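Beneath this line is the structure, given in structure tokens, with notes to follow.
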Amino acid sequence: MAAEERVSLAHLPLDVRRQWYGVALSSDLPQTVKGKFGYKAPSPLATTLLADPIVLWRDLLGNARCLADKCPHRSAPLSLGKINGENGTLECIYHGWQLDGASGKVTHIPALLDGKEIPSNAQSRTYPVCEQDNVVYVWAGPEDSAPSDAAGAGPPPRDVDDEGLPLLEKIGYVCQYICVDLPIDHSLMIENLLDPAHIPFAHEGTIGRRSQAKPLEMKIKKTPRGIRGEVKEGYFNGFEAPCTIVLHTPPKPGKMDMWQYVNCTPSAPGQMRMVYRSYRNWATFVQWIPPLRRMFDSFSAKIVFQDYNLLLGQQMRLREKGLAWNAAIQVDNLPVMYRNYWKRTFGKTDKDSPWWRGWDGSLDVEDLDRLGVFSKDFDCNGCAVPHRPHHPQNSLEVSGRLAPLRPQPAQGYPWLGFLVAAAIGALAAKMF
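Once you know that position 167 of the sequence shown is 166 in numbering that gives the first Met the number 0, the rest is easy, because the numbers rise by one and skip nothing.
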């Protein structure tokens, strides 16, 4: 344990505003459709980053654009508008004002008289955007900053193996993608993914078995952008600032390889967006067979929502002033180190906090935590019941009751999953 205690977090950035954050998959970004206008045109993509409301789309040339999600006219959300099919601008739904994605300036006002000039303050804030490995990254720095202003920032880091080779370009590898919003704090998911001891219990029925539980020792080492811990040679859980998890979990070291990159992007206090990539060189044929690919995706979603169900309960206790960590043991040292980093960055609530302060800068972090939060839900008879967020992708959820932590027996054709698993195993055996 003495060696691990000497690992420092001093190399990690404390300014988590001047950073790139993965906010979407490239394939999810709505594109300009030539000739489509008004209600027939596609809508942009709305999300939040560090509680900043933002809106994204692709312009006429296919460039990713990002603006603050507020019209400079009457403060209507620009995300309610449409992508103008003539020029690729974002058109506000309220009065049809059109905004250029590169500059944020209003370029056309339908109700403006000829000879009148567009007001000089008719402009929305722009956010720098960069696409890397099929992920859309947004720069969250102050409006007067740019990625080049931050020391060593440059473009977002690529998803690479230990030799620095981009995984997306490795021959024989395919990639699975998931992007999902979750009403839990991003710090809880990061700690969860840095914790190998929870797998035999929280993931029983999917990737875990109680019989696999055993004493674990976490050996920690420093990496250029973060820290990583190993409980078994060749396998590791890693954290890269500000919010990326890197997992190396090869099913068969030397033959069957698997790398997972997870952006646990902080949408707001108590809310996150998970942008997940899983690279593998086995069962690659699944990628080209839609029914099998959907089964892979469904299985991965079950694993995510096993974590989601328990983290939602943990977040409830934290809202009740419980502690993220009470008693900790030797295998907890990696997530405990992360929590200490979080306290100095995302956990700050003073004037140096990285969180959005509202359009006028007067909101407190506690106000953000309450925005959009309701204490009661309602059943089909209109009766109030304890609030529990419904998530449409949570296959473990049972309507009207707390969701079970274990997957339920398959409905319809339970043999299909076993057949697919057997086929994948047989083909993998032949391949390797």
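Ideal placement from N, C-alpha and C gives every residue a C-beta, glycine not left out.
Fair warning: this is a prediction, and the values are worked out from it, not measured in the lab.
Rounded straight-line distance, which links the Cα of residue j to that of residue i
i           : j           : result
residue 258 : residue 339 : 26 Å
residue 23  : residue 320 : 32 Å
residue 281 : residue 174 : 11 Å
residue 201 : residue 350 : 38 Å
residue 400 : residue 229 : With a pLDDT of 44 at residue 400, under the threshold of 50, the modelled position of that residue is not reliable, and no figure is offered here.
residue 106 : residue 364 : 35 Å
residue 56  : residue 75  : 17 Å
residue 254 : residue 279 : 10 Å
residue 70  : residue 77  : 6 Å
residue 167 : residue 301 : 25 Å
residue 64  : residue 326 : 46 Å
residue 40  : residue 66  : 18 Å
residue 315 : residue 335 : 20 Å
residue 136 : residue 246 : 20 Å
residue 91  : residue 112 : 18 Å
residue 38  : residue 341 : 43 Å
residue 210 : residue 347 : 40 Å
residue 198 : residue 311 : 17 Å
residue 134 : residue 277 : 13 Å
residue 291 : residue 297 : 10 Å
residue 190 : residue 323 : 10 Å
residue 208 : residue 233 : 21 Å
residue 216 : residue 328 : 9 Å
residue 51  : residue 293 : 33 Å
residue 269 : residue 116 : 43 Å
residue 85  : residue 27  : 21 Å
residue 94  : residue 337 : 47 Å
residue 122 : residue 80  : 16 Å
residue 213 : residue 160 : 28 Å
residue 72  : residue 108 : 10 Å
residue 309 : residue 188 : 10 Å
residue 219 : residue 34  : 56 Å
Simplified DSSP state of residue i, which is helix, strand or coil
i           : result
residue 108 : coil
residue 172 : coil
residue 15  : coil
residue 270 : strand
residue 207 : strand
residue 362 : coil
residue 191 : helix
residue 146 : helix
residue 501 : In this structure the chain extends from 0 to 431, so residue 501 is not present and cannot be described.
residue 400 : In this prediction, residue 400 has a pLDDT of 44, which is less than 50 and means its spatial position is unreliable; what the coordinates show is noted afterwards. Of the three classes helix, strand and coil, the one that applies to residue 400 here is coil, per DSSP.
residue 427 : Confidence at residue 427 is low in this model, with a pLDDT of 40, below 50, so its placement is unreliable and the value that follows should be read with caution. Here residue 427 sits in helix by DSSP.
residue 280 : coil
residue 27  : helix
residue 285 : helix
residue 390 : coil
residue 185 : helix
residue 246 : strand
Element boundaries [alpha helix (DSSP H), containing residue i]
i           : result
residue 341 : 332 to 342
residue 38  : Neither: residue 38 is in no alpha helix (DSSP H) and is coded neither H nor E.
residue 303 : 289 to 318
residue 200 : 198 to 201
Sequence-distant residues of the same chain with beta carbon closer than 6 Å to residue i, five excluded per side
i           : result
residue 241 : 15 and 18
residue 243 : 262
residue 87  : 31, 58 and 59
residue 407 : Below a pLDDT of 50, predicted positions are generally treated as unreliable, and residue 407, at 41, falls in that range; no measurement from the model is reported.
residue 283 : 173
7 Å Cβ shell around residue i - same chain, five flanking residues per side excluded
i           : result
residue 265 : 49, 185, 242, 271 and 345
residue 138 : 19, 126, 127 and 146
residue 236 : 192, 193, 195, 227, 228, 246 and 333
residue 360 : none
residue 405 : With a pLDDT of 39 at residue 405, under the threshold of 50, the predicted position of this residue should be treated as unreliable, though the coordinate-derived value follows. 203 and 204, listed in sequence order.
residue 153 : 146
residue 260 : 158, 243, 245 and 276
Proximity test, residue i beta-carbon vs the ligand FMN heavy atom, cut-off 7 Å
i           : result
residue 268 : With respect to the ligand FMN, the structure offers nothing, as it holds no ligand at all.
Own chain residues within Cβ distance below 8 Å of residue i, not counting five before or after
i           : result
residue 307 : 181, 183, 390 and 393
residue 239 : 156, 222, 224, 225 and 245
residue 130 : 25, 63 and 136
residue 249 : 233, 234, 255, 256 and 257
is_contact[residue i, chain C] using C-beta, thresh 8 Å
i           : result
residue 203 : Given the protein chain composition of this structure (a single chain), no chain C is represented.
Limits of the unbroken beta strand (DSSP E) element including residue i
i           : result
residue 130 : 128 to 131
residue 134 : 134 to 138
Notebook entry, point to check: What runs of the beta strand (DSSP E), each 3 residues or longer, lie entirely inside the segment 210 to 244?
Noted result: 218 to 222, 225 to 231 and 234 to 239
Next item on the list: Mind listing, in chain order, the continuous beta strand (DSSP E) runs of no fewer than 3 residues lying wholly within the segment 43 to 102?
Entry: 44 to 48, 51 to 57 and 63 to 67
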